[in-house]
Structures are given as structure tokens and as C-alpha cells.
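Asker: Counting in this note's numbering, the sequence shown runs from 1 upward without gaps.
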Amino acid sequence: MRIQHNISALNAHRNLGANNTQASKNLEKLSSGFKINRAGDDAAGLAISEKMRGQIRGLDMATKNSQDAISLIQTAEGALNETHSILQRMRELAVQSSSDTNVNLDRDAIQQEITQLTEELDRISETTEFNTQKLLDGSFSGTFQIGANEGQELKMDIDKMGAAALGLVNTTTIAKDVAESSTTGAKLADGTYTINAAGNKLLDAKGNEVGAVAAGVITGTNGAEYKFTTSASLASGTLTIKDGKATAQTTLNSASSKLSAGKYEVVGTQVIKDGKVVGEMVGTGATAALTFKQGDGTTLSISKADLNLADDLQAGSTFEINGVSVSTRDQASGTITKIDNAITKVSDQRSALGAVQNRLEHTINNLGAASENLTAAESRIRDTDMAKEMMEFTKNNILMQAAQSMLAQANQQPQGVLQLLG
1 MRIQHNISAL
11 NAHRNLGANN
21 TQASKNLEKL
31 SSGFKINRAG
41 DDAAGLAISE
51 KMRGQIRGLD
61 MATKNSQDAI
71 SLIQTAEGAL
81 NETHSILQRM
91 RELAVQSSSD
101 TNVNLDRDAI
111 QQEITQLTEE
121 LDRISETTEF
131 NTQKLLDGSF
141 SGTFQIGANE
151 GQELKMDIDK
161 MGAAALGLVN
171 TTTIAKDVAE
181 SSTTGAKLAD
191 GTYTINAAGN
201 KLLDAKGNEV
211 GAVAAGVITG
221 TNGAEYKFTT
231 SASLASGTLT
241 IKDGKATAQT
251 TLNSASSKLS
261 AGKYEVVGTQ
271 VIKDGKVVGE
281 MVGTGATAAL
291 TFKQGDGTTL
301 SISKADLNLA
311 DDLQAGSTFE
321 INGVSVSTRD
331 QASGTITKID
341 NAITKVSDQR
351 SALGAVQNRL
361 EHTINNLGAA
371 SENLTAAESR
381 IRDTDMAKEM
391 MEFTKNNILM
401 QAAQSMLAQA
411 NQQPQGVLQL
421 LG
């Protein structure tokens, strides 16, 4: 018998320490709910679990992104719904004005509503926003992150939906002057006149020639000349006479037809519309031009020729961009087709938005399913099986108690040497 080294006690102590360590780990897993609390618990499992967590959180955020994208689309589509309503009302008015049961006074009243509705189309296009981003002015070109990884994205553009982009801006008011006879003092009768395509004949509402046009002067069939107080160009278009005041309107070209409807004034070098700075004047004299920043980031340059102006652009210059006209029966009839084309453009854009929204709804469902399945897989790796762990804890707890008892017994064994010494 040896007393310097109690091997039985050492063995019992070693097993007691091991059982105590295992029981402590069991308690940690049971209290945290995780099978892997540190890399030492399962290095490979931890690495796999963390990758899965990255995917799960990415999928959940992609779901939120998709929901936000749907909200953006619904905002744009809601505005276009009102645009459609406005266009339907404009078409209704155009059909009304196409009938000769209306007189000029009636058509003037109809034209006033058409003008206001045209300006509202532009207001909706210029002010509809989502999170401070303009949606309908042609500037929106978005990329939505709809997946957890790089490159999993969806691109979407929204076209400009203003009156000009819809083809509903086609004339400009270039002069408001008193038309007087240089020989008799007589004035042209109030009414709406048309200047033919060649720009040399003045026709009344029924298409009858009532005068010739040349160099800013109208010569009536009676030989009287009607001059204008400014040198504004009289190109093809319409001429409205009311209370001796003449308003000349000419067709816009491809450049100027991109401007939104409304009244413009050059103040200093700034172009003002509705009290806001919308552009600036560059250059002077015959080379002066008005520049406007477009929604797509490009710059639109407008010269006096684009507006059919004879006078150079300068501080104080004013002009008015008009929407479609229903001032005559023929104009109103042609406007119906233009509005039909505008309705088609809005319908196409709304259809495109609806298609993306439906796609995103399927995307959200797929992301949710993927997140759920990955969460289940990550749970099998990372989470504690409470029943199994409790079973292990019970076993290790019993072993720890047994080791403590055996350590006590082993410590009693050396006392047997005393009997030999007695």
C-alpha cells in the first residue's frame, strides 16, 4: 500500500473535473438555447451557421426592399390613375366642342377647362414623389435589390407623363396685338381665324378666305390692311380676335413642344414659370437661347425660331405654351385623336408598372419561403435540442455526483495503513 500517490483519488478527481465541465456545458446550452455558443463548440457548424444567418438577414431585407418598391409603384400608379381621369374628361370636352351646336363663346369656355386640365397634367408629372424622388418627370430610373446577394436586382424606368410627353402641347402664343386697318380704321371681326400651312392666307371658322398674310400684315378681301403693333411672326396656326385684341398661335417644333404648358417670362437671365425659376437665358441678340434642365438630366435649348418669334429673346420676353386646342370644330376633332394617343401612352406605362408590381409580389413570396427554409436549416445546426441536452445533463450530473462519492471513498483508503502501523 502506498500513501505518497493515491491513484484512485487522482482518477476519481479527473473524472469529477471532466463530468463537471460537461455538466457546465450542458447548463450553458440549456440556458442559452444554442447548441453552438462559441467556435470551440463546433467550428465548422459555426462557420456554416453564420453564412446562413447572412443569407437569412439578406433575404429578409430584400423582402422589405420589394415591399418598398411596390409602395413606390403604387404611388406612381395612383398619380397616373388621376392622369387617366383628366384625359378622359379632356376627351369628353373635345367631343363636345366637335359639334357645331356650340358657338365660339361655348368653345372659349371649353378651352378654358382644357387649358387648366393640361396644366394639371404637368403639375402631377412634376410633383409626384416617393421619398423625395420625382417619379413622373422622366428622371426616375431605379434599381431595386430584391435578393440577398450581389447582382440580384430589378431595374425599372418610368417615362415622363407630362402634357408635352403625351403629345398634348402643340402651340405657342406669340403675340397679343391690336389689329387695325391702316386705311379705314376698321378691325377684324371677333372670332377664331386659321392661318394656312403656307402662312399666306387667313381663313375664317368655316374655311372661307378672308384675307392674305404677308410680313406681319393681313390684307383683307376688301383691300384693308391690318397691321400688328409688334413684329411677331405670323406663321401657320390660329389667330383669335377678341375685342380688337389679336392672339396669334403657331405650331411648336420638336424642341419647343417638350416644354410644359404655361406662361413663361424672361427676368434678367432667368426663365420664370408659375413664380419658379425653370431655366435660364444664354447668349444675347440673335444667338440668345433659353435652356431648360430636363428630368432625364439632359438640357433643352430653345431659340426664338423654335417659338416662331421674330424678336430676339431678351429680358422681358414672354411667351405661352398651350395645350391642345378646341377653339374650332376641326381642331376639336383632331384633338380627340391626340387625347386617344395620350390615353394609350398612360395605359402602357400603367401596364408596365402593374407588371413589375405583380412580379415583386411573387418575389416577396419566394423570399419568404427561402428565408423560412434557411432558418429551419440554421436552427438544426445552431439551436439546442432541449430534450437531448437535458438527457445529457442528467447523465453528467449523476456521473459528477458519483465521482464526488468515489473521491471521498478513495481519500479514505490510505487510512488503512494505520492498522499496519499499530
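We treat Cβ as the ideally placed atom computed from N, Cα and C, and that holds for glycine.
Compute the beta-carbon to beta-carbon distance between residue 324 and residue 338, rounded to the nearest angstrom, for a pair I have assumed lies under 8 Å.
Answerer: In the sequence shown, the residue the question calls residue 324 occupies position 324. In the sequence shown, the residue the question calls residue 338 occupies position 338. Right, their Cβ atoms sit about 6 Å apart.
Asker: Would you kindly check if the distance between the Cβ of residue 406 and the Cβ of residue 23 is under 7 Å?
Answerer: Position 23 of the sequence shown, counted from the first residue, corresponds to residue 23. Position 406 of the sequence shown, counted from the first residue, corresponds to residue 406. It is not a contact, given that the beta carbons lie outside the stated cut-off.
Asker: What does the alpha-carbon distance come out to for the pair residue 44 and residue 82?
Answerer: By 1-based counting over the sequence shown, the position of residue 44 is 44. By 1-based counting over the sequence shown, the position of residue 82 is 82. Approximately 58 Å, taken between the alpha carbons.
Asker: Over what stretch of residues does the beta strand (DSSP E) that includes residue 417 continue unbroken?
Answerer: Along the sequence shown, read from residue 1 onward, the residue named residue 417 stands at position 417. Not the beta strand (DSSP E): residue 417 falls in the alpha helix (DSSP H), residues 417 to 421.
Asker: Evaluate contact between the stretch 191 to 203 and the stretch 282 to 302, counting only Cβ atoms and requiring at least three cross-stretch pairs below 8 Å.
Answerer: As far as the Cβ criterion goes, the stretch 191 to 203 does not touch the stretch 282 to 302, which means the pair count is below three.
Asker: List, from N- to C-terminal side, the alpha helix (DSSP H) runs of 4 residues or more that fit wholly inside the stretch 319 to 398.
Answerer: Correct list: 329 to 382.
Asker: Could you check how far apart the C-beta atoms of residue 62 and residue 147 are, in whole angstroms? I think they sit under 8 Å.
Answerer: Counting from one through the sequence shown, the residue named residue 62 turns up at place 62. Counting from one through the sequence shown, the residue named residue 147 turns up at place 147. About 5 Å separates the two Cβ atoms, so the contact holds.
Asker: How would you label residue 12, buried or exposed, when you count the other beta carbons within 10 angstroms and need 16 or more for buried?
Answerer: Here residue 12 is taken as the residue at index 12 of the sequence shown, counted from 1. That one is buried.
Asker: Does the distance from the C-beta atom of residue 138 to that of residue 296 stay below 7 Å?
Answerer: For the purposes of this step, residue 138 is taken as the residue at position 138 of the sequence shown. For the purposes of this step, residue 296 is taken as the residue at position 296 of the sequence shown. Result yes, Cβ atoms of residue 138 and residue 296 sit closer than 7 Å.
Asker: Can you look up residue 229 in the DSSP assignment and give me helix, strand or coil?
Answerer: On the sequence shown, residue 229 is found 229 positions in, with the first residue counted as 1. Note that residue 229 scores 45 on pLDDT, short of 50, meaning its location in the model is unreliable; the coordinates nonetheless yield the value given after this. In the structure shown, residue 229 sits in coil (DSSP, three-state: anything other than H, G, I, E or B).
Asker: Using only CA atoms, which one of 416, 421, 398 lies nearest to residue 15?
Answerer: As a first step, residue 15 must be located in the sequence shown, where it is residue number 15. Nearest C-alpha to residue 15: 398.
Asker: Taking the alpha helix (DSSP H) that residue 7 falls in, what are its first and last residues?
Answerer: The residue labelled residue 7 in the question sits at position 7 within the sequence shown. Its alpha helix (DSSP H) spans residues 7 to 32.
Asker: Give me the DSSP bridge partner(s) of residue 303.
Answerer: Within the sequence shown, numbered from 1, the residue matching residue 303 stands at position 303. DSSP output for residue 303 lists 289 as bridge partner(s).
Asker: Identify the residues that DSSP records as bridge partners of residue 425: which are they?
Answerer: The shown model of the chain, from 1 to 422, leaves out residue 425, and the question about it has no answer.
Asker: For residue 145, write down the residues that DSSP places opposite it in a beta bridge.
Answerer: What you label residue 145 is simply residue 145 of the sequence shown in a count that begins at 1. In DSSP, residue 145 forms a bridge with 153.
Asker: So, residue 128 versus residue 117, is the Cβ gap smaller than 7 Å?
Answerer: On the sequence shown, residue 128 is found 128 positions in, with the first residue counted as 1. On the sequence shown, residue 117 is found 117 positions in, with the first residue counted as 1. Their beta carbons are not under 7 Å apart, which means residue 128 does not touch residue 117 by this criterion.
Asker: Per DSSP, residue 281 forms a beta bridge with which residues?
Answerer: Looking up residue 281 in the sequence shown gives position 281. Residue 281 is bridged to 290.
Asker: With a threshold of 6 Å on Cβ separation, who are the neighbours of residue 303 within its own chain once the five nearest residues in sequence on each side are excluded?
Answerer: Taking the first residue of the sequence shown as 1, we reach residue 303 at position 303. Taken in chain order, the residues that qualify are 289.
Asker: Cβ of residue 389 within 7 Å of Cβ of residue 30?
Answerer: Here residue 389 is taken as the residue at index 389 of the sequence shown, counted from 1. Here residue 30 is taken as the residue at index 30 of the sequence shown, counted from 1. Going by C-beta atoms, residue 389 is nearer than 7 Å to residue 30.
Asker: For residue 466, count the other beta carbons within 10 Å of its own beta carbon; 16 or more makes it buried, fewer makes it exposed. Which is it?
Answerer: Any property of residue 466 remains undetermined from this structure, which presents the chain solely from 1 to 422.
Asker: What residues match up with residue 212 in a beta bridge as DSSP calls it?
Answerer: Locating residue 212 in the sequence shown gives position 212, where the first residue counts as 1. Paired residue(s): 201, 219.
Asker: What's the call for residue 126, buried or exposed, on a 16-neighbour Cβ count within 10 Å?
Answerer: Mapped onto the sequence shown, residue 126 falls at position 126. Residue 126 comes out buried.
Asker: Would residue 293 be called buried (16 or more neighbouring beta carbons within 10 Å of its own) or exposed?
Answerer: Within the sequence shown, residue 293 is the residue found at index 293, counting from 1. Exposed, since its Cβ has fewer than 16 Cβ neighbours within 10 Å.
Asker: Excluding the 5 residues flanking residue 374 on each side, which residues of the same chain have their C-beta closer than 6 Å to its C-beta?
Answerer: Start at 1 with the first residue of the sequence shown, and residue 374 comes out as number 374. Contacts found: 52, 55, 56.
Asker: Where does residue 80 fall in DSSP's three states?
Answerer: In the sequence shown, counting from the first residue as 1, residue 80 sits at position 80. In this structure, residue 80 counts as helix in the three-state DSSP scheme.
Asker: How about residue 262 and residue 119: are their beta carbons less than 7 Å apart?
Answerer: For this step, residue 262 is matched to residue 262 along the sequence shown. For this step, residue 119 is matched to residue 119 along the sequence shown. Yes, Cβ-Cβ distance for residue 262 and residue 119 is below 7 Å.
Asker: Give the single residue among 314, 37, 123, 209 whose Cα lies nearest to the Cα of residue 86.
Answerer: One-based indexing of the sequence shown puts residue 86 at position 86. Of the listed residues, the one whose Cα sits closest to residue 86 is 123.
Asker: Look up residue 258 in the DSSP assignment and say whether it is helix, strand or coil.
Answerer: Within the sequence shown, residue 258 is the residue found at index 258, counting from 1. Helix at residue 258.
Asker: Would you identify the three-state DSSP class for residue 48, choosing helix, strand or coil?
Answerer: Against the sequence shown, residue 48 aligns to sequence position 48. Helix, per DSSP.
Asker: Identify which residue in 110, 321, 32, 77 has its Cα closest to the Cα of residue 92.
Answerer: Position 92 of the sequence shown, counting from 1, holds the residue named residue 92. Comparing Cα positions, the closest option is 110.
Asker: Measure the Cβ-Cβ separation of residue 3 and residue 382 and say whether it is below 7 Å.
Answerer: What you label residue 3 is simply residue 3 of the sequence shown in a count that begins at 1. What you label residue 382 is simply residue 382 of the sequence shown in a count that begins at 1. No, they are not a contact pair.
Asker: Once the 5 residues before and after residue 378 are set aside, which same chain residues still bring their CB inside 6 Å of it?
Answerer: Walking along the sequence shown from the start, residue 378 turns up at place 378. Closer than 6 Å at the Cβ level, and outside the excluded window around residue 378, lie 49, 52.
Asker: Just to confirm my understanding: we take residue 342, look at its own chain, exclude 5 residues before and 5 after, and list those with CB closer than 7 Å. What are they?
Answerer: Numbered from its first residue, the sequence shown carries residue 342 at position 342. The residues are 87, 166, 167, 168.
Asker: For residue 345, which residues in the same chain have their Cβ closer than 7 Å to its Cβ, ignoring the five residues on either side in sequence?
Answerer: Counting from one through the sequence shown, the residue named residue 345 turns up at place 345. Only 166 meet the Cβ criterion.
Asker: If you count every other CB in all the chains shown that lies within 10 Å of the CB of residue 279, and 16 or more means buried, which is it?
Answerer: Mapped onto the sequence shown, residue 279 falls at position 279. It is buried - the Cβ of residue 279 has at least 16 other Cβ atoms within 10 Å.
Asker: Pull up the DSSP beta-bridge partners for residue 270, would you.
Answerer: Stepping through the sequence shown from its first residue, residue 270 is reached at position 270. According to DSSP, which records beta bridges pairwise, residue 270 is partnered with 267, 280.
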